[in-house]
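Protein chains: 2
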Amino acid sequence: MIKIAVDAMGGDYAPKEQVEGAMIAIKKIPDIEITLYGDEVEIRKYLTNEERITIVQSEGVIDMGEKDPIRAIRGNRQSSMALALSSVRNKENDAIVSSGATQALIAGAHILVGRLKAMKRTAIAPLIPRVDGRNTILLDAGGNLETKPEYMLQQATFAAVYAKEIMGEDPKVGLINIGTEPGKGRAIDKEVFDLFSETKNFEFVGNIEPKQVLDAPCNILISDGFTANIVMKTIEGTAKGIGKMLKQELTKGFIGKIGALLSKGNLNRFKYRLAPEEIGGAMIYGLKGVVVKAQGSSKSNGFYNGIRQAALIVRNDVLGKVQSILESDVK
Amino acid sequence: MIKIAVDAMGGDYAPKEQVEGAMIAIKKIPDIEITLYGDEVEIRKYLTNEERITIVQSEGVIDMGEKDPIRAIRGNRQSSMALALSSVRNKENDAIVSSGATQALIAGAHILVGRLKAMKRTAIAPLIPRVDGRNTILLDAGGNLETKPEYMLQQATFAAVYAKEIMGEDPKVGLINIGTEPGKGRAIDKEVFDLFSETKNFEFVGNIEPKQVLDAPCNILISDGFTANIVMKTIEGTAKGIGKMLKQELTKGFIGKIGALLSKGNLNRFKYRLAPEEIGGAMIYGLKGVVVKAQGSSKSNGFYNGIRQAALIVRNDVLGKVQSILESDVK
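Chains A and B, in that order, are what the protein sequence lines are. When we follow our numbering, the leftmost residue of the first sequence carries the number 730, and every step to the right adds one. When we follow our numbering, the leftmost residue of the second sequence carries the number 730, and every step to the right adds one.
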């Protein structure tokens, strides 16, 4: 049995959507057990089937808009997020899924789960949609400002194992840059280019301009934490803005209104493809346990996807495989 | 009369679209004269009206895919781009419009037109579309990798004059960052934040996350050349990718196909709104003359928009106004 800790109190619609997502997961995935960390009275309002589900009472919640996440997690060791994280450290659970505040989860995972020895920096790796219907792993979207080429090599290596084991694809890594030719970019980009050109951990396809961000010839796109975070947010902002413009334009005129009405089903499917929560969660790389961040705005199905993803990461032993590659790198 | 130099040979569809764009401009703008720099035989194939248009014969073209633009421009002083640039330096013309290779135009403008004393770095400033139908100036999209807070202050000051004089709006400047709170970002972002908070040259609205890139509460968005170039290319890539996904989804099923057909007019208007060439060109800031870069893929109407923009910049004396503000800054 794979044991999953669920932070039932984190997220915009907690605990309802988290509890419902957990019940969906139990129904669909036969080899998992779930522990819900949260307020038992609140949880029981939504829990209609306790099969393979346990509740652990917590005290307090890390606020979604928390300004000082490190202090919040240190000061709330009985919160649902802290208890769920600690249960992974103590091997009571194999993985945790949370849609709580991102920075608190990253900080909490550092403190309570601990970092893999072979990885010098953690990274958060959301999946972005592709034109061909598959996904691209974006690294490091956590806004980790200080980085080094060797840290980026470790992160890309982790992503390569993830792409192979979880997405079932041949890993190909592209470096986000302002031009495609070798030698483009800042000093760090040139160093990373050289380092990645020599590695045997994955196939490196070279510099990728974000003009190709939704149909790049690779399934892993990497940059420093500042740049990758900017890329992620620019994709989000452009998609939102285009959605608004499309709505403005599509509903102009009588013929246009009828067309928009007939296109409604297809337009909804289009929106669904761009909705980040449908893709699942973002894994935090570099920890001693499996930590998956589901979108704060997750509904039950999005949260279920996060649980499914976490179970798959455990089942395919992603952490063990990453560790053995990185440890042989050091020798 | 405002005198405009047109690089007739630069661009994917040169000289046809450039010549036709020039003729549109002559028809629509009564107070301009145009000199076309290029191959007279080629130009005459498309030139059907010579009113207020002169041709100057050039030799050779700077290739659009030129790998070493600085060498290309130095080695081709008789090229259409070089001759047109030199004519601005010599005061034969007030402005130049080119859809030739961007890096060659920037390098050529440095060498042949020269930099304004009050600005330490040139910058390229494309206009990006907004949800509300207006535009945002993006700085510095030229990929200028080395920057300093004071250079960014000069560039934002230039943009503020441009926003006021050319776009007719109250200039508001936002700093592209990974979070909205003061203190977010890298060392340079914090320094710029402090410097911009004190300036009287424009209103500073603080940090802007690119989640808002198409509807930010400002008309000028600035970052270092690397980051702004990444933002520009991510917008482009996301818009292109979404366009492809939309096409895939919209044409699914019989009802969907009819809907898409009826929506065709509106969808085309939507595409038009996102087409960068319809917005006009990107001005290169920081030069002793007015240099406008039209899109390489410009058709006649897009190129005409670049000429219209150049004429307006000259007519409203943007350079003189920028200089007087920056010079009083120094005192």
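Glycine included, every Cβ here is placed at the ideal spot set by N, Cα and C.
1. So, at 7 Å on beta carbons, what are the nonlocal neighbours of D918/B in its own chain, with the 5 sequence-adjacent residues on each side left out?
2. If you measure from the beta carbon of R915/A to each beta carbon in chain B, is any gap under 8 Å?
3. My understanding is that R850/B touches N873/B, with C-beta atoms under 8 Å, so please give their C-beta distance in whole angstroms.
4. Mind pulling the alpha helix (DSSP H) runs of 4 or more residues that sit fully within the segment 865 to 911 of chain B?
5. How do the segment 879 to 894 of chain B and the segment 942 to 955 of chain B stand: do at least 3 beta-carbon pairs fall below 8 Å, yes or no?
6. Using a Cβ-Cβ cutoff of less than 6 Å, which residues in the same chain neighbour N958/B once the five nearest sequence positions on both sides are dropped?
7. Under a Cβ-count criterion, where at least 16 other Cβ atoms within 10 Å of its own Cβ denotes burial, should Q1038/A be classed as buried or exposed?
8. Measure from the C-beta of D760/A to each C-beta in chain B and report whether the shortest distance is under 8 Å.
9. For V916/A, which of P878/A, V942/A, G935/A, S926/A has the nearest alpha-carbon?
10. Quick one: grab the DSSP three-state call for Q786/A.
11. Alpha helix (DSSP H) containing L924/B: first to last residue?
12. Please report the Cβ distance between S787/A and S809/A, rounded to the nearest whole angstrom; I am assuming they are in contact, meaning their Cβ atoms lie under 8 Å.
13. How big is the Cα-Cα spacing for T967/A and N819/A?
14. Could you give the DSSP three-state label for Y742/A: helix, strand or coil?
15. For a minimum of 4 consecutive residues, which ranges assigned as the alpha helix (DSSP H) are wholly contained in the segment 832 to 856 of chain B?
16. Are L834/B and V960/B touching if we call contact CB-CB under 8 Å?
17. Under 8 Å, do T764/A and V790/A count as touching if we go by C-beta distance?
18. What do you get for N778/B, buried or exposed, if any count of 16 or more other CB atoms within 10 angstroms of its CB means buried?
19. Kindly list the residues whose CB is nearer than 6 Å to the CB of V890/B, restricted to its own chain and excluding five residues on each side of it in sequence; keep chain order.
20. When the cut-off is 8 Å and only beta carbons count, does E1006/B lie next to chain A?
21. Using the DSSP secondary-structure output, state which residues sit across from V1021/B in a beta bridge.
22. Report yes or no: is there a C-beta of chain A within less than 8 Å of the C-beta of N822/B?
23. Using a C-beta cutoff of 8 Å, does L943/B count as contacting chain A?
24. Going by CA-CA distance only, name the one from I1042/B, G1025/B, N1030/B, Q1024/B that's closest to L1016/B.
25. Considering L979/B, what are the terminal residues of the alpha helix (DSSP H) in which it resides?
26. Once DSSP output is grouped into helix, strand and coil, what is the label at V1043/B?
27. Between A847/A, K981/A, A1011/A, which has its C-alpha nearest L1055/A's C-alpha?
28. Report the three-state DSSP secondary structure of E1056/A (helix, strand or coil).
29. Would you say V942/B and T963/A are within 8 Å of each other, going by their C-beta atoms?
30. May I have the straight-line CA-CA distance separating K940/A from E965/B, to the nearest angstrom?
31. Below 7 Å between beta carbons is the criterion; list the residues of the segment 932 to 962 of chain A that meet it against any residue of chain B, in chain order.
32. What is the DSSP secondary structure of E932/A, counted as helix, strand or coil?
33. Quick one: using the 10 Å Cβ neighbour count with 16 as the cut-off for buried, is S1027/A buried or exposed?
34. Measure the beta-carbon distance from V1020/B to A838/B and round it to whole angstroms, keeping in mind my assumption that it falls under 8 Å.
35. How about A1023/A and I733/A: do their beta carbons lie closer than 8 Å?
36. Buried or exposed, going by whether 16 or more other CB atoms sit within 10 Å of the CB of G912/A?
Reading off the structure:
1. Within the second sequence, numbered from 1, the residue matching residue 918/B stands at position 189. Excluding residues within five positions, the ones whose Cβ falls inside 7 Å are L904, N906.
2. Working through the first sequence from its first residue, we reach residue 915/A at position 186. Closer than 8 Å to some Cβ of chain B, the Cβ of R915/A qualifies, so yes.
3. Taking the first residue of the second sequence as position 1, residue 850/B is located at position 121. Taking the first residue of the second sequence as position 1, residue 873/B is located at position 144. That belief holds up - the Cβ atoms of R850/B and N873/B are roughly 6 Å apart, short of 8 Å.
4. 878 to 894
5. yes
6. Residue mapping note: residue 958/B aligns to position 229 of the second sequence, counting from 1. Result list for N958/B: A870, G872, in chain order.
7. In the first sequence, the residue the question calls residue 1038/A occupies position 309. Its Cβ being crowded by 16 or more others within 10 Å, Q1038/A is buried.
8. As a working mapping, residue 760/A is identified with position 31 in the first sequence. It does not; no Cβ of chain B falls within 8 Å.
9. The count along the first sequence starts at 1 and reaches residue 916/A at position 187. Reading the sequence as shown, one finds Ala at residue 916/A and not Val. Of P878/A, V942/A, G935/A, S926/A, the residue nearest in Cα terms is P878/A.
10. Translated into positions along the first sequence, residue 786/A becomes position 57. DSSP places Q786/A in strand when its eight states are reduced to three.
11. By one-based count along the second sequence, residue 924/B stands at place 195. Start and end: 916 to 927.
12. As a first step, residue 787/A is located in the first sequence; it is residue number 58 there, counting from the start. As a first step, residue 809/A is located in the first sequence; it is residue number 80 there, counting from the start. Right, the Cβ-Cβ distance comes to about 4 Å (below 8 Å), so this counts as a contact.
13. Numbered from 1 along the first sequence, position 238 holds the residue referred to as residue 967/A. Numbered from 1 along the first sequence, position 90 holds the residue referred to as residue 819/A. Cα to Cα, T967/A sits roughly 42 Å from N819/A.
14. Counting from one through the first sequence, the residue named residue 742/A turns up at place 13. In the structure shown, Y742/A sits in coil (DSSP, three-state: anything other than H, G, I, E or B).
15. none
16. Position 105 of the second sequence, counting from 1, holds the residue named residue 834/B. Position 231 of the second sequence, counting from 1, holds the residue named residue 960/B. Taking 8 Å as the Cβ cut-off, L834/B and V960/B do not qualify as a contacting pair.
17. Position 35 of the first sequence holds residue 764/A. Position 61 of the first sequence holds residue 790/A. Contact flag unset, no.
18. Here residue 778/B refers to the residue found at position 49 when the second sequence is read from its first residue. It counts as exposed.
19. Here residue 890/B refers to the residue found at position 161 when the second sequence is read from its first residue. The residues are V1047, K1050, V1051.
20. Position 277 of the second sequence, counted from the first residue, corresponds to residue 1006/B. In this prediction, E1006/B scores a pLDDT of 46, lower than 50, which makes its location untrustworthy; the coordinate-derived value is nonetheless stated afterwards. With 8 Å as the cut-off, E1006/B does not count as an interface residue toward chain A.
21. For this step, residue 1021/B is matched to residue 292 along the second sequence. In the DSSP output, where bridge partners are listed per residue, V1021/B has V826/B, M1012/B.
22. Within the second sequence, numbered from 1, the residue matching residue 822/B stands at position 93. No, N822/B lies away from the interface with chain A (no Cβ there is under 8 Å from its Cβ).
23. What you label residue 943/B is simply residue 214 of the second sequence in a count that begins at 1. With 8 Å as the cut-off, L943/B counts as an interface residue toward chain A.
24. The count along the second sequence starts at 1 and reaches residue 1016/B at position 287. Ranking the options by Cα distance to L1016/B, first place goes to I1042/B.
25. As a first step, residue 979/B is located in the second sequence; it is residue number 250 there, counting from the start. 954 to 979 is the extent of the alpha helix (DSSP H) around L979/B.
26. Position 314 of the second sequence, counted from the start, is the residue given in the question as residue 1043/B. In this structure, V1043/B counts as helix in the three-state DSSP scheme.
27. As a working mapping, residue 1055/A is identified with position 326 in the first sequence. Minimum Cα distance to L1055/A is reached at A847/A.
28. For the purposes of this step, residue 1056/A is taken as the residue at position 327 of the first sequence. In the structure shown, E1056/A sits in a helix (DSSP, three-state: H, G or I).
29. Indexing the second sequence from 1 puts residue 942/B at position 213. Indexing the first sequence from 1 puts residue 963/A at position 234. Yes; because the gap between Cβ atoms is below 8 Å, this pair is in contact.
30. Here residue 940/A refers to the residue found at position 211 when the first sequence is read from its first residue. Here residue 965/B refers to the residue found at position 236 when the second sequence is read from its first residue. Rounded to whole angstroms, K940/A to E965/B spans 6 Å at the Cα level.
31. E938, P939, K940, Q941, V942, L943, D944, F955, T956, N958, I959, V960, K962
32. Your numbering for residue 932/A matches position 203 in the first sequence. Strand at E932/A.
33. Counting from 1 along the first sequence, the entry for residue 1027/A is found at position 298. So S1027/A counts as buried.
34. Taking the second sequence and counting its residues from 1, one reaches residue 1020/B at position 291. Taking the second sequence and counting its residues from 1, one reaches residue 838/B at position 109. About 5 Å separates the two Cβ atoms, so the contact holds.
35. The residue you call residue 1023/A lines up with position 294 of the first sequence. The residue you call residue 733/A lines up with position 4 of the first sequence. In this structure, I733/A does not lie closer than 8 Å to A1023/A by Cβ.
36. Here residue 912/A corresponds to residue number 183 of the first sequence, with the count starting at 1. Classification of G912/A: exposed, given that the 10 Å Cβ count is below 16.
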